[in-house]
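Visitor:
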Amino acid sequence: MKQLIYKPTQNRKTHEIILNILKNIDSDGQGRSINIVFTDNLCMLGAQTSDRIIKEVDGFRVYETDDNKSISINCESSDIEGVSRKQIDTHVLGLIIHEGVRNIITLTNSVRLPQMKNIIDLLVNKDSLGRPGIVPTNIPIINLYFDEADKTIRSITRELESILSHDYIKDFYITATPKKILKLYGKMELYPVQNTLDSYINLQYANWIDIGDLDYMDSLREMLNRIKCSDGGTINPKRFIFAPGIITKESHYSIAEESTNVYQCISVIVNSDGLHVLLPYGIKEIYLSSIVNSQNERVPTYPPSMYESFNSRNWNNLVESSGGDKFYKLNFNKKSLINENDNEFWKIIQSVREFWKDNPIIVTGSRCIERGITIQNPNNKMIRFTDGMLHNNISRGDSGAQMAGRFTLTYNDSLKRYDFEPINIYSSEKVKVYMINQEKKAMYAVKLSSEGKDMIEYNEWKNYERESVLGEEVFSTYLEAIHYAKRQFKDHTVKVNENPEYYSETKSRLGSCNRIDEGMYRGFRFNSFDNKDKQPIDNNTFKLRKTRHLRWRKKKTGNPYRIWAVYDTLEDISSLMYHVCYTPIALHNDLDESESDSDL
0 MKQLIYKPTQ
10 NRKTHEIILN
20 ILKNIDSDGQ
30 GRSINIVFTD
40 NLCMLGAQTS
50 DRIIKEVDGF
60 RVYETDDNKS
70 ISINCESSDI
80 EGVSRKQIDT
90 HVLGLIIHEG
100 VRNIITLTNS
110 VRLPQMKNII
120 DLLVNKDSLG
130 RPGIVPTNIP
140 IINLYFDEAD
150 KTIRSITREL
160 ESILSHDYIK
170 DFYITATPKK
180 ILKLYGKMEL
190 YPVQNTLDSY
200 INLQYANWID
210 IGDLDYMDSL
220 REMLNRIKCS
230 DGGTINPKRF
240 IFAPGIITKE
250 SHYSIAEEST
260 NVYQCISVIV
270 NSDGLHVLLP
280 YGIKEIYLSS
290 IVNSQNERVP
300 TYPPSMYESF
310 NSRNWNNLVE
320 SSGGDKFYKL
330 NFNKKSLINE
340 NDNEFWKIIQ
350 SVREFWKDNP
360 IIVTGSRCIE
370 RGITIQNPNN
380 KMIRFTDGML
390 HNNISRGDSG
400 AQMAGRFTLT
410 YNDSLKRYDF
420 EPINIYSSEK
430 VKVYMINQEK
440 KAMYAVKLSS
450 EGKDMIEYNE
460 WKNYERESVL
470 GEEVFSTYLE
480 AIHYAKRQFK
490 DHTVKVNENP
500 EYYSETKSRL
510 GSCNRIDEGM
520 YRGFRFNSFD
530 NKDKQPIDNN
540 TFKLRKTRHL
550 RWRKKKTGNP
560 YRIWAVYDTL
570 EDISSLMYHV
580 CYTPIALHND
590 LDESESDSDL
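The sequence shown begins at 0 in numbering that gives the first Met the number 0 and counts up one residue at a time.
1. Output needed for Pro535: all residues of its chain with C-beta closer than 8 Å, excluding positions within five of it in sequence on either side, in chain order.
2. By DSSP, does Tyr5 sit in helix, in strand, or in coil?
3. By DSSP's criteria, Arg157 is part of a beta bridge. Which residues make up the other side?
4. Anyone know if the C-beta pair for Thr195 and Arg11 falls short of 7 Å?
5. Which residues does DSSP pair with Thr363 in a beta bridge?
6. Three or more C-beta pairs closer than 8 Å, one from the stretch 422-435 and one from the stretch 200-209: is that the case here?
7. Does DSSP classify Leu590 as helix, strand or coil?
8. Quick check: what's the CA-CA separation for Ala585 versus Arg111?
9. Report the rounded CA-to-CA distance for Glu450 versus Tyr443, giving the unit in angstroms.
10. Measure the alpha-carbon distance for Lys116 versus Leu163 and round it to whole angstroms.
11. Exposed or buried, what is Asn23 when buried is set at 16 or more other beta-carbons lying within 10 Å of its beta-carbon?
12. Which residue's Cα is closest to the Cα of Ile53: Arg101, Leu128 and Lys380?
13. What are the residues that DSSP puts in a beta bridge with Ser71?
14. If you drop the 5 nearest sequence neighbours on each side, which residues of the same chain put their C-beta closer than 6 Å to that of Tyr144?
15. Here's the rule: buried if 16 or more other CB atoms are within 10 angstroms of the residue's CB, otherwise exposed. What is Tyr501?
16. Could you tell me the boundaries of the beta strand (DSSP E) in which Trp314 lies?
17. Put Trp345 into one of helix, strand or coil per three-state DSSP.
18. Take Ile463 as the anchor and find which of Thr505, Thr546, Gly99 and Gly185 has the nearest alpha-carbon.
19. Starting from the C-beta of Thr64, find all residues in its chain whose C-beta is less than 6 Å away, skip the five residues before and the five after it, and write them out in chain order.
20. Assess contact between the stretch 273-281 and the stretch 317-336, defined as three or more Cβ pairs (one per stretch) separated by less than 8 Å. Is contact present?
21. According to DSSP, which residues form a beta bridge with Asn142?
22. Please classify Met0 as buried or exposed, where buried requires at least 16 other C-beta atoms within 10 Å of its C-beta.
23. Looking only at its own chain, which residues have a Cβ that is under 7 Å from the Cβ of Asn436, when we skip the five neighbours before and after it?
24. Bridge partners of Tyr477, per DSSP?
25. So, at 7 Å on beta carbons, what are the nonlocal neighbours of His548 in its own chain, with the 5 sequence-adjacent residues on each side left out?
26. For Ala255, which residues in the same chain have their Cβ closer than 7 Å to its Cβ, ignoring the five residues on either side in sequence?
27. How big is the Cα-Cα spacing for Cys580 and Phe474?
28. How long is the line joining the alpha carbons of Gly518 and His578, rounded to whole angstroms?
29. Could you pull out every residue in the same chain whose Cβ sits closer than 8 Å to the Cβ of Tyr624, ignoring the five residues on either side in sequence?
30. Which runs of the alpha helix (DSSP H) fall wholly inside the stretch 375-426 and span at least 4 residues, in chain order?
31. So Pro236 packs on Asn358, CB below 8 Å; how close in whole Å?
32. Within the same chain, show all residues whose beta-carbon is closer than 7 Å to that of Val445, passing over the 5 residues directly before and after it, in chain order.
33. From Val61 to Leu21, what distance separates their C-alpha atoms?
34. May I ask you to list the residues that DSSP assigns as paired with Asp324?
35. Return the bridge partner residues of Asn513 from the DSSP annotation.
36. For a test of the three-state rule: what should DSSP assign to Val291, helix, strand or coil?
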C-alpha cells in the first residue's frame, strides 16, 4: 500500500524520510533494504536534501556490516563523476554489491527516473549465470521516497508504473499538498509522522496586511513604501524581506532592480541564471575596494565565503543601469556557492546579512526558491524574514501554497514561540485566506496521523479538507450571530432587521433556528435546513454535520454560511449556542475549493 507523508511546508518533512531510513536500518541491524530518495528536480534542493540525509544516515552505526553508505546522483555529483549516462545503472549496481551502498539520493526528472528503474531491474532480474536477483533474495525491500511528490506525480507514474505494484517495493509520497496524489491512487496509508506543530511558526501567526488585489510590481512598491514610512523615511537595515516574482526571470530582475535603485536594498536573485547580488550604486565606501575595473568603476567587496564561486567573467561589467540609475551586479555560480556552504541556502543568506550590515536585504526568484529550500534559520534572528509579499500573480494552487510556506519555521527546544516576532505579510485578503486554508489542511493531517488514523481515501479526505478550512464562530444569541454574518460576509447579502427585538430569543422563528412547540423537546430549537423531523442537535451530532448544507464551489448554488442552533447536551435547554459556519466563498466569491487537482 502506498504511503503518504503529509506535513506542512518547512515542518521537517525530510526528517521523516531520514527517520524511516534509520528505522529500517535499526529493525534488523543488517541494513537489508535499498533506499532511493527522489528530490524535486532542482539542483539546489537536491543538493540540500542529499547533504542532510547523507550526514544523518551515514553517521548511524548499528549495522553488523559496513553496508550503510549513501551516494548522491544529482547535478555534478562526485559519486558519478566520469560515468556516462549509459553506464549509471551498472556503475551503481557495482557500488551496491561491492561498496555497501544502500541509500541513493537523486533528482526526479526524465533522465534519473529511467536510470533508477534500470537499477531496480538489475537488482531484481537473474544475472547472466542464471543466479537470482539480489532483490528480494538477499535484500528484501526497496524503499522509494518521492519528495514534493505532488509536483512530479505524473512523471513518477509514467516512468515507474510497471514496478510500483511489486511486493518488494514500498513507495512513500512526501508533500504538503497531496490532493493530486490522493485523487490518482484513491486510497493510501497515512504515515505516522512526528507531530511538531507545537514548535511550528505557521502562516496564521503572521501579521497579514491587506494591500488589495495588486500584481507583483505594485505589491512590491506598496510593501516597500509602507515599510519606508514606518521606518521614518529609510528602510531599516535590519529588515529581511521576501519578494517572490513569477516564473519569468524578467520579473526577478525587475523586482531586484527597483528594490536596489529606489529603496537602497541589497537584492539577492536566485534563478536558473545563477545567484546574483545587486548593490546600490551609492553603497558605503567600506564596501568598495581600491581596485578599478575596465569600466573605471571601483570593484565592490563581498563575503570571503563567496570568493570561490564569484563569476570573474563579469569583472569588467559589474555596473549596470536601469531606468537611468546605476547599480552593482555581482554574479555567482549557484551550484558552487551552495556546495561551499554545506548545501544550505540559509548559510549563503547569513554571509550576505553579516557582511552587508548597512542595507536591508531582499530575496527574490520563483521556481528555485518555491519548494523545500530553507531560506530562514530559526536559531538566528538575523536570518528570519521580517517582511514579505504574496501578490495576486502567485498561483492559487500547490505552487502558491509552497511559496507561502517560505514564511514558516519549525524551531527546536531551545526556543519558545514568543521568541519569534510575527512576519509582516503584504497581500490581498483572498490570497491570505487561501494560503492559510491550504496550510490548515496539512496541519489537520498531522493531527489525524498523531491520533492514530492510518488510512486515507480521496473522497474521505475531501470531507477532512472541508473540516480543516471551515470557518466557525459561536455566539450566545441569534442577534449576535446574524450581526457577525453581516459584518463578515461582505460579498453576500445578509439581510438584518435593524430592530433588535426582531431577534428576541422568545420568538418562535429565528432564521432557520425554529422552536419546537410540542413533544419531549418542547421549547428547544431545531435547524429547519437540516432536520425536517424537528429534532434538536447536541455538539456531538453537530460535529458530524457542520460541513453540510453549504456552498463550497463558486459554480454551485446554495448558501456559503449557516447559523446552527446547537446544545451542549439535550438534557439542558439552557445550553443553547448559535454556531456560524461558513466556507471560504462566504469571505470571497472567487475562493473556490482547492484547485490542486485541476490538472489531473
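Beta carbons are placed, not taken as given, at the ideal position from N, Cα and C, and that holds for glycine. In this text, all values refer to a predicted model and were calculated from it rather than measured experimentally.
Guide: Once the coordinates are examined:
1. By one-based count along the sequence shown, residue 535 stands at place 536. Excluding sequence neighbours, Pro535 sits near Ile515, Tyr520, Phe523, Arg524, Phe525, Ala564, Tyr566 and Leu569.
2. Sequence index remark: in the sequence shown, residue 5 carries index 6 (1-based). It is a strand residue.
3. Here residue 157 is taken as the residue at index 158 of the sequence shown, counted from 1. Within the DSSP bridge table, the entry for Arg157 names no partner.
4. Indexing the sequence shown from 1 puts residue 195 at position 196. Indexing the sequence shown from 1 puts residue 11 at position 12. Yes, these two residues count as a Cβ contact at 7 Å.
5. Here residue 363 corresponds to residue number 364 of the sequence shown, with the count starting at 1. Per DSSP, Ile268.
6. yes
7. In the sequence shown, the residue the question calls residue 590 occupies position 591. DSSP places Leu590 in coil when its eight states are reduced to three.
8. By 1-based counting over the sequence shown, the position of residue 585 is 586. By 1-based counting over the sequence shown, the position of residue 111 is 112. Cα-Cα distance, rounded: 45 Å.
9. The count along the sequence shown starts at 1 and reaches residue 450 at position 451. The count along the sequence shown starts at 1 and reaches residue 443 at position 444. In a straight line, the C-alpha of Glu450 is about 11 Å away from that of Tyr443.
10. For the purposes of this step, residue 116 is taken as the residue at position 117 of the sequence shown. For the purposes of this step, residue 163 is taken as the residue at position 164 of the sequence shown. If I take the Cα positions, the gap works out to 10 Å.
11. Here residue 23 refers to the residue found at position 24 of the sequence shown. Buried, by the Cβ-count rule.
12. In the sequence shown, counting from the first residue as 1, residue 53 sits at position 54. Closest option to Ile53, Cα to Cα, is Arg101.
13. The residue you call residue 71 lines up with position 72 of the sequence shown. Beta-bridge pairing links Ser71 to Ile104.
14. Working through the sequence shown from its first residue, we reach residue 144 at position 145. Within the same chain, and ignoring the five residues on either side of Tyr144 in sequence, the residues whose Cβ sits closer than 6 Å to its Cβ are Ile16, Val36 and Phe171.
15. Start at 1 with the first residue of the sequence shown, and residue 501 comes out as number 502. So Tyr501 ends up on the exposed side.
16. On the sequence shown, position 315 is the one that residue 314 refers to. Premise fails: Trp314 is in no beta strand (DSSP E) and is neither H nor E.
17. By one-based count along the sequence shown, residue 345 stands at place 346. Trp345 falls in the helix class under three-state DSSP.
18. Counting from one through the sequence shown, the residue named residue 463 turns up at place 464. A quick correction: the sequence has Tyr, not Ile, at residue 463. That would be Thr546, whose Cα lies nearest to the Cα of Tyr463.
19. By one-based count along the sequence shown, residue 64 stands at place 65. Because the pLDDT at Thr64 is just 41, under 50, the model does not fix this residue reliably, and the value given afterwards should be weighed accordingly. For Thr64, where only same-chain residues beyond five positions count, there are no Cβ hits under 6 Å.
20. yes
21. Residue mapping note: residue 142 aligns to position 143 of the sequence shown, counting from 1. Beta-bridge partners of Asn142 (DSSP): Asn34 and Lys169.
22. Looking up residue 0 in the sequence shown gives position 1. Counting Cβ neighbours within 10 Å, Met0 comes out exposed, since fewer than 16 surround it.
23. Within the sequence shown, residue 436 is the residue found at index 437, counting from 1. Here the set comprises Val468 and Pro583.
24. Sequence index remark: in the sequence shown, residue 477 carries index 478 (1-based). DSSP, once it has assigned bridges, lists no residue as partnering Tyr477.
25. Taking the sequence shown and counting its residues from 1, one reaches residue 548 at position 549. Here the set comprises Phe528, Asp529 and Arg561.
26. Taking the sequence shown and counting its residues from 1, the one referred to as residue 255 is at position 256. For Ala255, same chain residues with a beta-carbon under 7 Å away, outside a window of 5 residues either side, are Ser266, Ile268, Leu277 and Thr363 in chain order.
27. For the purposes of this step, residue 580 is taken as the residue at position 581 of the sequence shown. For the purposes of this step, residue 474 is taken as the residue at position 475 of the sequence shown. Distance between the alpha carbons of Cys580 and Phe474: 11 Å.
28. Taking the sequence shown and counting its residues from 1, the one referred to as residue 518 is at position 519. Taking the sequence shown and counting its residues from 1, the one referred to as residue 578 is at position 579. Approximately 25 Å between the Cα atoms of the pair.
29. Residue 624 cannot be examined here, being either before or after the span of the chain that is shown, 0 to 599.
30. 397-403
31. Numbered from its first residue, the sequence shown carries residue 236 at position 237. Numbered from its first residue, the sequence shown carries residue 358 at position 359. At roughly 6 Å, the Cβ-Cβ gap stays under 8 Å, so Pro236 and Asn358 are in contact.
32. Reading the sequence shown from its first residue, position 446 is the one you call residue 445. Setting aside the 5 residues that flank it on each side, Val445 is surrounded in the same chain by Lys6, Val192, Asn194 and Leu196, each with a C-beta closer than 7 Å to its C-beta; the list follows chain order.
33. As a position in the sequence shown, residue 61 is number 62, starting the count at 1. As a position in the sequence shown, residue 21 is number 22, starting the count at 1. In this prediction, Val61 has a pLDDT of 36, which is less than 50 and means its spatial position is unreliable; nothing more can be read from the coordinates.
34. Residue mapping note: residue 324 aligns to position 325 of the sequence shown, counting from 1. Ser321.
35. On the sequence shown, position 514 is the one that residue 513 refers to. DSSP lists Arg508 and Phe525 as partners of Asn513.
36. As a first step, residue 291 is located in the sequence shown; it is residue number 292 there, counting from the start. Looking at Val291 - three-state DSSP - the assignment turns out to be strand.
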